[in-house]
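Visitor: Can you keep this structure in mind? I'll have questions shortly.
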Amino acid sequence: MKIKRISHLGIAVKELEPVKKLYGEALNLHGHHEEVVESQKVKVSFFKVGETNIELLLATSPESPVAKYVDKNGEGIHHIAFEVEDIDAAVEELKAAGVRMIDEKPREGAHGARIAFIHPKSTHGVLIELCQHAHSH
Ligand code: CMX
């Protein structure tokens with residue numbers, strides 16, 4: 222597989238506004254984009270940092286994986302996302318290598334990207350997302 226860059230770092234938060242103020246004002250980051258990803262039960266807020274992004278994640282339901290994460294661990298880094306050239310091929314390669322996937326097939330994520338998560342039990346404790354964008358974000 223070919224990993225092109227770190228697409229984003231996902232940060233789980235309890236409230237968006239104070240954290241947006243920190244990244245947007247105190248840290249002076251730009252390129253702000255926000256959307257609700259229904260399938261993941263999260264509201265996401267992006268800030269550009271060079272070729273990568275910070276993705277703030279707010280749970281929109283108590284059943285959201287982010288709500289569960291925050292209840293257990295508090296706020297903090299939730300996942301790292303690698304942009305790959307061909308996500309279908311990447312998922313098949315990982316499965317063939319015996320890596321445990323959360324998503325056996327890619328699904329739709331923020332920005333209309335196609336995404337697939339690798340289980341943290343297969344990655345020494347880090348939740349890894351693979352994504353393929355129609356355009357660079
Ligand atoms: N990073 C590292 N480890 C994590 C983790 C994370 N973000 N979330 C859970 N884990 C670990 C837990 O600590 C736990 O480990 P132990 O058994 O050693 O305690 C184990 O994974 C199971 O966790 P859990 O709390 O019992 O939660 P679930 O098994 O119900 O769900 C997971 C965990 C990873 C399968 C689920 O969170 C998931 O499917 N995540 C992928 C989707 C997602 O996170 N979406 C939100 C972001 C969407 C976006 O960016 O658009």
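Residue numbers for the sequence shown follow the working numbering, beginning at 222 and rising by one. Every residue, glycine too, gets a C-beta built ideally from N, C-alpha and C. Since this is a predicted model, take the numbers as computed values, not measurements.
Leaving out five residues on either side along the sequence, give the residues of the same chain with a beta carbon under 8 Å from the beta carbon of V312.
Guide: Excluding sequence neighbours, V312 sits near M322, D324, E325, K326, P327, A337, L351.
Visitor: Is V320 helix, strand or coil when you go by DSSP?
Guide: V320 falls in the coil class under three-state DSSP.
Visitor: For a quick check, are the C-beta atoms of A302 and H229 less than 7 Å apart?
Guide: Yes. Within cutoff.
Visitor: For E272, count the other beta carbons within 10 Å of its own beta carbon; 16 or more makes it buried, fewer makes it exposed. Which is it?
Guide: So E272 ends up on the exposed side.
Visitor: So for E350, helix, strand or coil by DSSP?
Guide: If DSSP states are grouped into helix, strand and coil, E350 belongs with the strands.
Visitor: What are the start and end residues of each continuous beta strand (DSSP E) run of 3 or more residues lying completely inside the region 277 to 348, in chain order?
Guide: You should have 297 to 305, 335 to 339.
Visitor: Label A247 either buried or exposed according to how many other C-beta atoms from any shown protein chain fall within 10 Å of its C-beta, with 16 as the threshold for buried.
Guide: By the neighbour-count rule (16 or more Cβ atoms within 10 Å), A247 is not buried but exposed.
Visitor: Compute the minimum distance between the beta carbon of Q353 and the heavy atoms of ligand 1, and state whether it is under 6 Å.
Guide: No.
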